[in-house]
Amino acid sequence: MELDELEEELEKKELEKELEEDEELEELEKLEEFEELEELEEELEELKELEEKLEDKLEEELEKELEEEEEEELEELKELEELEELEELEEELEELEELENELKDELEEFKEKELEEDKELEEDEELEEEELEEEKLEEELEEGETELEDLEEKEEEFEELKELEQLEVEEEEFEELKEKLEGIGEDEELEEETELEEEELEKKEFKKELEEDEELEELEELEKLEEFEELEVVDEELEEELEKELEELEEELEELKL
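When the count follows my numbering, it moves up by one through the sequence shown with no breaks and lands on 262 for the last residue.
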């Protein structure tokens, strides 16, 4: 009985111990759990902090990436804008080149027109000079003709005077002969001689008149020939001058073309 009691007591004690141990264990477990909880909480806090830090970093990185992307996009936009501006500038340059070419063409046309106008002016001036020279020549010819006419008139007057003087002299001689014949009272032979002499005198006068007319005609022809030769010389000089002027103009034109 005692053994049984002892055993029972022992069992009780063991049970108590076990209970105590269990309680301690529970407490320990609780403590451990509490500690673990605290640790876990600390870890959680640390994790939260880490998470926050990571989030901050992520945000920063995201912001950086976004900024970089935005910068890249901005650069691309700028490049695009620059490209567009370049294209516009190229188009404007092409338009300006076209305008420049058009202006050059217009300038060349204007220069050609000016050259043509200068040529026409020079030709007009040359024509005017030629016309003036022709007018001068015509005036000189008219003056020469009037001088010739004056000379012819003077020659005619001179010849008439000469003829009158000769006639007067011959009449005087004839009167003297008549007086001599009448004074001496010669016969019919003398009268015939006087008639013959008169006829001879008339023939001589007629011959003289013919010779004088021929000489006058020859003189007129000579004067006309001289004037014609002078005019030919003047024409040749004018032609030479015109040829020289034409050569000079051709040289100037070649220089202008060069």
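Where is the CB? At the ideal position from N, CA and C, for every residue including glycine.
Candidates the options, of which the one nearest residue i by Cα
| i | options | result |
| --- | --- | --- |
| E221 | L48, E244, E153 | E153 |
| E137 | E89, L107, E245, E46 | E245 |
| E160 | E213, E121, E143 | E213 |
| E248 | L205, E130, E135 | A quick correction: the sequence has Lys, not Glu, at residue 248. Considering only alpha carbons, the answer is E130. |
7 Å Cβ shell around residue i - same chain, five flanking residues per side excluded
| i | result |
| --- | --- |
| E112 | none |
| E25 | none |
| E144 | none |
| E116 | none |
Taking the runs of the alpha helix (DSSP H) that are 4 residues or longer, which of them lie wholly in the region 48-90?
The qualifying runs do not exist here; there are none.
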